[in-house]
Ligand code: UD1
């Protein structure tokens, strides 16, 4: 009889659904092969993201197994949100008693999952380990540092992430597997380009628009930064081409706040959050992408679309070294200047910094104990 390895996966926020989708799929494929062990995965959804477009839509579209546990934590101040997750996760882990807990990325769900497991002496596997912005004002940076510190298996997407861990003295259990977001991008891009009707629905053509996303707390919750970012969008959109901006609920809320009076002209089109396939399709045809998201920076790189990062640093310096990404920060004039500098025809072939699209297969082999 095959030996079974019991895993619990903890997710809660939009980008984690995409990452977990490809790993879950690799687990399914692994179990269909003639290995001596099989992996049994149980999914916990913390409920950090709960709007249909931010959560269930991803489960439906990416065929992610339904969570066995939904913790319905929803929004709240960071401490309270993380504490609620931790309390509920502890209860589930006590019941499930897995051999390993898998967490993804750097959200409050990641930290709560890792802490819950550590308190119960269950080893942790961290997918997307070793990333650093070296900005400790970001909640994500704290979540990453703490999660890496207590993980037994650290799945790193890039050489830089390995070096970051080494600098902190973390060398055991570290594996460079590549980026699971690349796996997802390669797996779903063809379907997205074939089936997504988003360009038609928005009446757009190849290279006729820019795509922009803003959701980071440091931008969305700071009126000065938000105003300055949206001023650059308005300026660039009236001069060049329409800007399409799918709005994260956090940003929508800030923009609705009349006191802030953010100037947005008619060339900047604010739309609802999009499904994964629609985002991939919109990214692939965009002239330029402007974003404060780590995921979107990499997707721009994978799609070979020049990118401007609306932050002062990035966890993905490779995208900048290659010339495909410029760190512009939030100031209008810096964003406009960066936009003028990026010319897609001058850019070199992007080096394969993020692996070969088989990170999830590598991860699953290691989880099964084949290559530890
Ligand atoms: C979280 C992650 C961030 C990640 C992002 C992806 C943390 C600290 N941050 O940020 O790293 O890049 O997810 O999207 O974990 N809201 C809704 N509906 C939802 C979800 C959120 O209305 O389905 C609103 C709520 O008002 C909430 C706010 O958005 O207060 C922020 O949500 P939260 O999940 O706390 O953080 P994100 O900004 O989404």
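Numbering (the working numbering), first residue to last: 1 to 372.
C-beta atoms are modelled at their ideal positions from N, C-alpha and C, and glycine is treated no differently.
Where DSSP assigns a beta bridge to residue i, which residues make up the other side?
i           : result
residue 9   : 43, 102
residue 155 : 127, 175
residue 309 : 291, 327
residue 4   : 38
residue 270 : 245
Can you look up residue i in the DSSP assignment and give me helix, strand or coil?
i           : result
residue 212 : strand
residue 89  : helix
residue 69  : strand
residue 60  : helix
residue 239 : helix
residue 303 : coil
residue 137 : coil
residue 257 : coil
residue 350 : coil
residue 143 : helix
residue 275 : coil
residue 113 : helix
residue 96  : helix
residue 334 : helix
residue 401 : Examination of residue 401 is not possible in this model, given that the chain is present from 1 through 372 alone.
residue 204 : coil
residue 168 : coil
residue 28  : helix
residue 49  : coil
residue 121 : coil
residue 264 : coil
residue 77  : coil
residue 355 : coil
residue 150 : coil
Could you pull out every residue in the same chain whose Cβ sits closer than 7 Å to the Cβ of residue i, ignoring the five residues on either side in sequence?
i           : result
residue 193 : 281, 284
residue 38  : 2, 4, 31
residue 62  : 17, 18, 21, 276
residue 191 : 277
residue 92  : 44, 69
residue 196 : 277, 278, 281
residue 51  : 249
residue 162 : 130, 156, 174, 176
residue 353 : 158, 318
Keeping to the same chain, check which residues put their C-beta closer than 6 Å to that of residue i; ignore five residues upstream and five downstream.
i           : result
residue 88  : 71
residue 328 : 308, 334, 335, 338
residue 103 : 10, 110, 113, 114, 126
residue 123 : 100, 152
residue 356 : none
residue 300 : 289, 307
residue 267 : 237, 238, 242
residue 117 : 101, 124
residue 225 : 219, 330
residue 360 : 22, 23, 26, 180, 183
The ligand UD1 and residue i: does any heavy atom of the ligand fall closer than 7 Å to the residue's C-beta?
i           : result
residue 278 : no
residue 45  : no
residue 50  : yes
residue 13  : yes
residue 152 : no
residue 108 : yes
residue 250 : yes
residue 56  : no
residue 253 : yes
residue 293 : yes
residue 358 : no
residue 75  : yes
residue 67  : no
residue 217 : yes
What does a CB cutoff of less than 8 Å around residue i pick up in its chain, not counting 5 residues either side in sequence?
i           : result
residue 165 : 129, 130, 148, 154, 156, 171, 174
residue 205 : 199, 285
residue 58  : 14, 17, 18, 21, 64, 275, 276
residue 272 : 53, 246, 247
residue 24  : 9, 41, 43, 64, 65
residue 169 : none
Give a yes or no on whether 8 Å exceeds the smallest Cβ distance from residue i to chain C.
i           : result
residue 215 : Any reference to chain C falls outside this structure, which holds one protein chain only.
Beta carbon of residue i: closer than 7 Å to some heavy atom of the ligand GDP?
i           : result
residue 140 : This structure simply doesn't include the ligand GDP; it includes the ligand UD1 instead.
- Mind the definition here: the stretch 38–48 touches the stretch 97–109 only if three or more C-beta pairs lie below 8 Å; say whether that holds. Three or more Cβ pairs closer than 8 Å define a contact, and the stretch 38–48 meets that threshold against the stretch 97–109.
- Do the stretch 206–224 and the stretch 179–186 meet, that is, are 3 or more Cβ pairs less than 8 Å apart? For the pair of segments examined, the stretch 206–224 was found not to touch the stretch 179–186: the number of CB pairs separated by less than 8 Å stays below three.
- Message: Count Cβ pairs between the stretch 215–230 and the stretch 292–299 that sit closer than 8 Å; are there 3 or more?
- Response: The stretch 215–230 vs the stretch 292–299: in contact.
- Query: At a cut of 8 Å, does the stretch 228–242 reach the stretch 262–270 through at least three beta carbon pairs?
  - Reply: Yes, since at least three Cβ pairs between the stretch 228–242 and the stretch 262–270 fall closer than 8 Å, the two stretches touch.
- Is there contact between the stretch 342–353 and the stretch 249–256, where contact requires at least three CB pairs shorter than 8 Å? Verdict: no, contact absent.
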